[in-house]
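For the sequence shown, my numbering gives the first residue as 3, with consecutive numbering after it.
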Amino acid sequence: MIKTNAFLLRNALLLRNALVVSLCLNLVSLGCVPVAHAEVIGTPAFGQTLTREARIDKINGFLAQDSVRKQMIGLGVNPSDAQARVAALTDSELQALDQRIDSMPAGGDVLAVIGIVFIVLLILELTGVINIFKKF
């Protein structure tokens with residue numbers, strides 16, 4: 003019994019000393035607060051950031067179309083590599099690519115056109131301009 007109590011007392015003292023040392027080290031590390039570096043961003047810089055992200059989203063949406071994806075794969079270009087390259091373009095390159103996409107022939111998304119026509123017809127029907135949806 004005496005040996006067991008001495009053993010427990012010695013382990014308790016070691017545990018207490020280890021706890022005190024670890025708490026002291028934690029208190030020392032609390033003084034090392036990381037410094038945040040921030041600066042004011044002007045309106046033009048913020049606007050360019052938004053337009054850059056919008057252009058990247060627009061180009062990635064164009065690249066996500068099935069016909070474009072099939073064409074890229076046919077040419078040996080991995081679609082994920084193309085998206086990574088779009089993200090790495092400069093602002094002037096993004097603007098040029100965005101303008102080229104806008105000048106390309108239209109007619110890619112037929113479902114969107116059908117949806118827009120349906121909504122226009124529905125609005126005209128509700129306002130009473132036309133009578134397409136007749137009651138039976």
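Ideal Cβ placement from N, Cα and C applies to all residues, glycine included.
- With a contact defined as Cβ atoms closer than 8 angstroms, D100 and I61 qualify at about 7 angstroms.
- L65 and R54 have their C-alpha atoms spaced approximately 16 angstroms apart.
- Taken through DSSP and simplified to helix, strand or coil, L15 comes out as helix.
- Your pair A89 and M74 does not check out as a contact, with CB atoms roughly 16 angstroms apart and the cut at 8 angstroms.
- Relative to the Cα of R87, the nearest Cα in the group I58, N13 and A98 belongs to I58.
- CA-CA distance, L96 to I43, rounds to 22 angstroms.
- The straight-line gap separating the alpha-carbon atoms of F120 and I132 is approximately 13 angstroms.
- Here G49 carries a helix assignment [DSSP, helix/strand/coil].
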